[in-house]
Amino acid sequence: MLDLLQIKTILVTGGGGFIGSNFLNKYVVDLPEIRFINLDILTYAANLNNIKVSEASNYKFIQGDICDIDFLDSLFTTMAIDAVIHFAAESHVDLSIKNPKIFIETNVIGTHNLLEISRKYSIKRFHHVSTDEVYGSLGNTGYFTEESPINPSSPYSASKAGSDHLVNAYHQTFALNTTLSRCSNNYGPYQDTTKLIPKFISLLTSERKVPLYKDGKNVRDWLFVKDHIEAIWCIFSKAKSSSIYNIGGNNEKSNSEITQILLENFGKDESYIDYVADRPGHDFRYAIDASKIKKELGWEPIYTFEKGIKETIKFYTR
Ligand SMILES: NC(=O)c1ccc[n+]([C@@H]2O[C@H](COP(=O)([O-])OP(=O)(O)OC[C@H]3O[C@@H](n4cnc5c(N)ncnc54)[C@H](O)[C@@H]3O)[C@@H](O)[C@H]2O)c1
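Here my numbering is used: the first residue of the sequence shown is -12, the next is one more, and so on.
Right under this line is the structure:
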């Protein structure tokens, strides 16, 4: 268990991105006694306009690269950081197929730099935000548990798996106080419009067709981003060191079902679907068994898919 009273400053990496900005928008307000430092290099996926708490006295933004270890060292020397919540990553699977190197640099080397500096400065907790994609693909049945073998398929998921192993190794070898979460697909406000749901909403809003891979049968377990950030805080603040938790919404939908829901919402028919060549190594199905976090930490998702998707569509069409 973490003594939250000892946590005065949290370094949040990648807070300019989708999940990080949702996290900061809630917790900078909810926890005024904690100072949040948002470290982000600002890639295409970041948007500082999505941060609604930038004027708060307990929030500070610093532009910087987790791949630059000397920069991280000077940051930790000057900022009295007590804990790290690590969101920063290259996160787009398709881009990882086009350019794997940047994924290895950011997700593996960048995470290693943060672990090394966290160890050097005796950080009290390092929470690593990871993905169910590290488990690879399921068939029609079954669920990923925390004990499922790590079996990634894409350069993205392989780089995240590498970072997960490093986090666990830094706990085992150096007794760094770590926690790790693996979440299913998120949707909600402030996601970059290159990702499926915001991209499809934006195309349908401008009367254009949506590109659906092959037959759209690939299944993902969708979780509203606000449920994810609550699970992260729950693990960060309550879990034992070295623990790993799966986070999921029990909300399996195929890409084709998601497309149908969006088409219906925009009053469009199937003529608005453009079937495109499938992604190489496309995992068929991800499904999360989130019973451990529910049982041990009492977390439950609040949003049904119907409520979450309504809020999401409202956000992107506002
Ligand atoms: N989006 C999902 O559905 C999902 C699901 C499960 C887990 N995750 C994980 O959650 C985390 C956040 O995902 P997201 O969807 O918000 O990603 P995102 O791509 O929207 O945001 C990533 C952020 O990291 C920053 N960043 C990238 N390289 C950096 C570097 N070298 N130094 C500093 N900052 C850098 C980017 O500028 C961006 O703001 C990732 O680790 C991802 O693997 C995402």
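In this text, a Cβ means the ideal position worked out from N, Cα and C, and glycines have one as well.
Subject >> DSSP three-state assignment for K319, whether helix, strand or coil >> reply: Residue coverage of the chain in this structure runs from -12 to 305, which leaves residue 319 outside it and unanswerable.
Subject >> Segment contact flag, the segment 62 to 69 with the segment 0 to 10, C-beta cutoff 8 Å, min 3 pairs >> reply: no
Subject >> Proximity to S241 [Cα-Cα], best of D60, W286, Y200 >> reply: Walking along the sequence shown from the start, residue 241 turns up at place 254. Closest by alpha carbon: Y200.
Original post:
Closest by CA to N173, which one among I280, H152, S278, G236?
Top reply: Translated into the one-based positions of the sequence shown, residue 173 becomes position 186. Here the closest residue by C-alpha is G236.
**OP:** Could you tell me if K213 is buried or exposed, where buried requires 16 or more neighbouring beta carbons within 10 angstroms of its beta carbon?
**Re:** Walking along the sequence shown from the start, residue 213 turns up at place 226. So K213 counts as buried.
**OP:** Just mark N100 as buried or exposed, buried being the case when its beta carbon has 16 or more other beta carbons within 10 Å.
**Re:** Position 113 of the sequence shown, counted from the start, is the residue given in the question as residue 100. By the neighbour-count rule (16 or more Cβ atoms within 10 Å), N100 is buried.
**OP:** Using 7 Å as the cut-off, classify the Cβ of K147 as near or not near the heavy atoms of ligand 1, replying yes or no.
**Re:** The residue given as residue 147 occupies position 160 in the sequence shown. Yes - ligand 1 has a heavy atom lying nearer than 7 Å to the Cβ of K147.
Original post:
Between S230, E42, G268, E239, which lies nearest to L(-11) when the distance is taken from Cα to Cα?
Top reply: Residue -11 sits at position 2 when you count from the first residue of the sequence shown. Among S230, E42, G268, E239, the Cα nearest to that of L(-11) is on S230.
Subject >> beta strand (DSSP E) runs wholly inside the segment 253 to 294, at least 3 long, in chain order >> reply: 260 to 263
Subject >> Alpha-carbon spacing of D265 relative to F292, whole angstroms >> reply: The sequence position of residue 265 within the sequence shown is 278, counting from 1. The sequence position of residue 292 within the sequence shown is 305, counting from 1. When rounded, the distance between both Cα atoms is 26 Å.
Original post:
So what does DSSP say about V310, is it helix, strand or coil?
Top reply: As displayed, the chain neither begins before -12 nor continues past 305, which places residue 310 out of reach and without an answer.
Original post:
Does the separation of the CB atoms of E20 and I56 fall below 8 Å?
Top reply: Along the sequence shown, one-based indexing puts residue 20 at 33. Along the sequence shown, one-based indexing puts residue 56 at 69. No, Cβ-Cβ distance for E20 and I56 is not below 8 Å.
Original post:
Whose C-alpha, out of D276, P87, D270, T304, is nearest the C-alpha of I234?
Top reply: Here residue 234 refers to the residue found at position 247 of the sequence shown. Nearest of D276, P87, D270, T304 to I234, Cα basis: D276.
Subject >> Three-state class that DSSP yields for V305 in the structure shown >> reply: Here residue 305 corresponds to residue number 318 of the sequence shown, with the count starting at 1. Inspection of the sequence shows that residue 305 is occupied by Arg rather than by Val. Note: R305 maps to coil in three-state DSSP.
Original post:
How far does the beta strand (DSSP E) with A70 in it reach, from first residue to last?
Top reply: Stepping through the sequence shown from its first residue, residue 70 is reached at position 83. A70 -> beta strand (DSSP E) spans 70 to 73.
Subject >> Buried versus exposed call for F74 [16 or more other C-beta atoms within 10 Å across all chains shown] >> reply: Sequence index remark: in the sequence shown, residue 74 carries index 87 (1-based). Counting Cβ neighbours within 10 Å, F74 comes out buried, since at least 16 surround it.
Subject >> Contacting residues, own chain, Cβ-Cβ under 7 Å from Q50 (five flanking each side not counted) >> reply: As a working note, residue 50 is residue 63 in the sequence shown. Hits under 7 Å: D27, I28, L29.
Original post:
Using the C-alpha atoms, what's the distance from E120 back to L153?
Top reply: Residue numbering aside, residue 153 sits at position 166 when the sequence shown is read from its first letter. Residue numbering aside, residue 120 sits at position 133 when the sequence shown is read from its first letter. Rounded to the nearest angstrom, the two C-alpha atoms are 17 Å apart.
**OP:** Closer than 6 Å by C-beta to F211: which residues in its own chain qualify, once you throw out the five before and the five after it? Chain order, please.
**Re:** Along the sequence shown, one-based indexing puts residue 211 at 224. Within the same chain, F211 has close Cβ partners G175, Y290, G295.
Original post:
Taking C-beta to C-beta, are T165 and G203 nearer than 8 Å?
Top reply: Taking the first residue of the sequence shown as position 1, residue 165 is located at position 178. Taking the first residue of the sequence shown as position 1, residue 203 is located at position 216. No, Cβ-Cβ distance for T165 and G203 is not below 8 Å.
Subject >> Sufficient close CB pairs (3 or more, under 8 Å) joining the segment 127 to 137 to the segment 88 to 99 >> reply: no
**OP:** Quickly, what does DSSP pair I216 with across the bridge? List them, please.
**Re:** Mapped onto the sequence shown, residue 216 falls at position 229. According to DSSP, which records beta bridges pairwise, I216 is partnered with nothing at all.
Original post:
Going by the C-beta, is E77 closer than 7 Å to any heavy atom of ligand 1?
Top reply: Counted from its first residue, the sequence shown places residue 77 at position 90. E77 Cβ: within cutoff of ligand 1.
Original post:
Which word fits P267, buried or exposed, when buried means at least 16 other C-beta atoms lie within 10 angstroms of its C-beta?
Top reply: Stepping through the sequence shown from its first residue, residue 267 is reached at position 280. The residue is exposed, with fewer than 16 neighbouring Cβ atoms inside 10 Å.
**OP:** Return the first residue and the last residue of the alpha helix (DSSP H) that Q159 is part of.
**Re:** Within the sequence shown, the letter at position 172 stands for residue 159. Run containing Q159: 142 to 161, per the alpha helix (DSSP H) assignment.
**OP:** Pick out the complete alpha helix (DSSP H) segments inside the segment 31 to 92, 4 residues or longer, and give them in chain order.
**Re:** 56 to 66, 80 to 85, 87 to 90
**OP:** Taking the CB atoms as reference points, tell me whether T(-4) and I53 lie closer together than 8 Å.
**Re:** Here residue -4 refers to the residue found at position 9 when the sequence shown is read from its first residue. Here residue 53 refers to the residue found at position 66 when the sequence shown is read from its first residue. Going by C-beta atoms, T(-4) is not nearer than 8 Å to I53.
**OP:** List the whole-angstrom C-beta distance separating H79 from T180, where the pair is believed to meet the contact cut-off of C-beta under 8 Å.
**Re:** If you number the sequence shown from 1, residue 79 lands on position 92. If you number the sequence shown from 1, residue 180 lands on position 193. Actually they are not in contact, since the Cβ atoms of H79 and T180 sit about 12 Å apart, beyond 8 Å.
**OP:** Measure from the alpha carbon of L284 to the alpha carbon of each residue in D60, S224, S144, then state which is nearest.
**Re:** Along the sequence shown, read from residue 1 onward, the residue named residue 284 stands at position 297. Selected option, being the one with the closest Cα: S224.
Original post:
On the three-state DSSP scale, how would you describe T98?
Top reply: On the sequence shown, position 111 is the one that residue 98 refers to. Reduced to three states, the DSSP call for T98 is helix.
Original post:
Can C170 be considered in contact with ligand 1, in the sense that its beta carbon sits closer than 7 Å to one or more heavy atoms?
Top reply: Indexing the sequence shown from 1 puts residue 170 at position 183. Yes.
Original post:
Can you pull the DSSP bridge partners for S168?
Top reply: As a first step, residue 168 must be located in the sequence shown, where it is residue number 181. Beta-bridge pairing links S168 to V116, Y232.
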